[in-house]
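Structure first, commentary second.
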């Protein structure tokens, strides 16, 4: 097995184990057993568990970005593009293995003890905020709309994980639609973008 394949196998295995059981509950031996990659090789690829956690978070970031991009690709109007974020959440919340936001989960476990992990989580959240802010700008919306929509999306993830109710995404989408309508009026229904 070449290095890229071994790395991919270890990261995908660790991602699944960390997400379902928690980072602290999963030892490197479990990653070795499940991935089929020797412990020596794992430590050659990831010198510490934090290094592996960071690789998992990068993997999660790529999956999140691809999911959001896929949802946005099917949206036409600026309002639909803003609401597509919540449509993505609705699909994700219905997945059998949904356990909430991996970034929030990892931050809750390790954020106080690992500056590197805390920074990686903060950067992912900041990247999402920037993305939503760009969508709001494209729609001609006010700056204050973006953090409001982000709070709805983040809160929906946590609420859905705790309650086990995938319908949380629909509630968040309805609230987002209300905020968008108040902020944009009819402008958000127009095709293309509106200049602020």
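Residue numbers (full-length UniProt numbering): 1 to 196. Even for Gly, the Cβ is constructed at its ideal location relative to N, Cα and C.
Helix, strand or coil at residue i [DSSP, three-state]
i	result
residue 44	helix
residue 168	helix
residue 51	helix
residue 161	helix
residue 114	coil
residue 143	coil
Separation of residue j from residue i, as counted between CA atoms
i	j	result
residue 49	residue 28	7 Å
residue 153	residue 172	7 Å
residue 87	residue 33	36 Å
residue 51	residue 132	29 Å
residue 80	residue 136	11 Å
residue 190	residue 94	Residue placement at residue 190 is poorly supported in this model, since its pLDDT is 49, which falls under 50; the coordinates are not used for a value here.
residue 179	residue 78	14 Å
residue 35	residue 110	23 Å
residue 176	residue 55	32 Å
residue 169	residue 159	9 Å
residue 157	residue 96	15 Å
residue 65	residue 99	18 Å
Do the region 53-62 and the region 93-106 make contact, defined as three or more Cβ pairs closer than 8 Å? Result yes; three or more Cβ-Cβ pairs closer than 8 Å.
Are the region 39-47 and the region 67-74 touching, with three or more C-beta to C-beta distances below 8 Å? With a cut-off of 8 Å, the region 67-74 and the region 39-47 do not count as touching, because too few Cβ pairs lie within range.
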